[in-house]
């Protein structure tokens, strides 16, 4: 009887080990795929309110609304330019007219900007994110994420 119980435990442990290893391998392959293709992922401490914006290259100066929640004053901006011309990303608080981010992204470049609630402070509330295309139509991806923990 004791041998049967030990065999069942050994088989169960083997199955769980196989499942764990296969899951880890799958997650690693997915992560490598995302890194190779330049897909941005948000931090695990990030709040659910994330702006993921795929720029199709169909507007000169597209803009979107964004909102920072009270208690989530740390924001990070990732911008990837896949177009032929540079563009500028501006994140501006609507009522305070405070520009949190204002950065140029060269053609075929990626920019990451972090503001951990300093210089300038990141007030909660509504923001407007504008992509200034200049002479070209902006194409790429913009990810704006907020967090209650510094990046």
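Residue numbers (this note's numbering): 1425 to 1575.
Glycine included, C-beta positions come from ideal geometry on N, C-alpha and C.
From a predicted model like this one, the values you see are computed outputs, not experimental measurements.
Roughly how many angstroms separate the alpha carbons of residue 1469 and residue 1485, rounded to a whole number? To locate residue 1469, count along the chain shown from 1; it is residue 45. To locate residue 1485, count along the chain shown from 1; it is residue 61. Low local confidence applies: a pLDDT of 46 at residue 1469 is under 50, so the model's placement there is unreliable, with the coordinate-based value given in what follows. Going by the C-alpha atoms only, they are around 31 angstroms apart.
What residue ranges within the stretch 1495-1562 form continuous beta strand (DSSP E) runs of no fewer than 3 residues, ordered along the chain? Annotation note: the stretch 1495-1562 contains the following uninterrupted beta strand (DSSP E) runs of length 3 or greater, listed N- to C-terminal: 1498-1505, 1511-1517, 1523-1529, 1534-1540 and 1549-1556.
Which of helix, strand or coil does DSSP assign to residue 1569? For the purposes of this step, residue 1569 is identified with residue 145 of the chain shown, where counting begins at 1. Looking at residue 1569 - three-state DSSP - the assignment turns out to be strand.
For residue 1478, collect the residues of the same chain with a Cβ closer than 6 angstroms to its Cβ; drop the 5 residues on either side in sequence, then sort them by chain order. The residue given as residue 1478 occupies position 54 in the chain shown. In chain order, 1565 place their CB closer than 6 angstroms to the CB of residue 1478, counting only its own chain and leaving out the 5 sequence neighbours on each side.
Closest by CA to residue 1562, which one among 1540, 1568, 1542 and 1530? Mapped onto the chain shown, residue 1562 falls at position 138. Closest by alpha carbon: 1530.
Check for me: the beta strand (DSSP E) holding residue 1492 runs from which residue to which? Numbered from 1 along the chain shown, position 68 holds the residue referred to as residue 1492. Segment 1487-1492, the beta strand (DSSP E) holding residue 1492.
Supposed close pair residue 1535, residue 1527 - CB separation, criterion 8 angstroms: For the purposes of this step, residue 1535 is taken as the residue at position 111 of the chain shown. For the purposes of this step, residue 1527 is taken as the residue at position 103 of the chain shown. Their Cβ separation, rounded to whole angstroms, is 5 angstroms, which keeps residue 1535 and residue 1527 in contact under 8 angstroms.
Opposing strand residues paired with residue 1478 [DSSP bridges]: In the chain shown, counting from the first residue as 1, residue 1478 sits at position 54. In DSSP, residue 1478 forms a bridge with 1565.
Could you round the C-beta distance between residue 1549 and residue 1510 to whole angstroms and report it? I think they count as a contact, below 8 angstroms. The count along the chain shown starts at 1 and reaches residue 1549 at position 125. The count along the chain shown starts at 1 and reaches residue 1510 at position 86. At roughly 29 angstroms, the Cβ-Cβ gap does not stay under 8 angstroms, so residue 1549 and residue 1510 are not in contact.
Residue 1499: which of 1560, 1475, 1506 and 1532 sits nearest, CA to CA? Indexing the chain shown from 1 puts residue 1499 at position 75. Closest option to residue 1499, Cα to Cα, is 1475.
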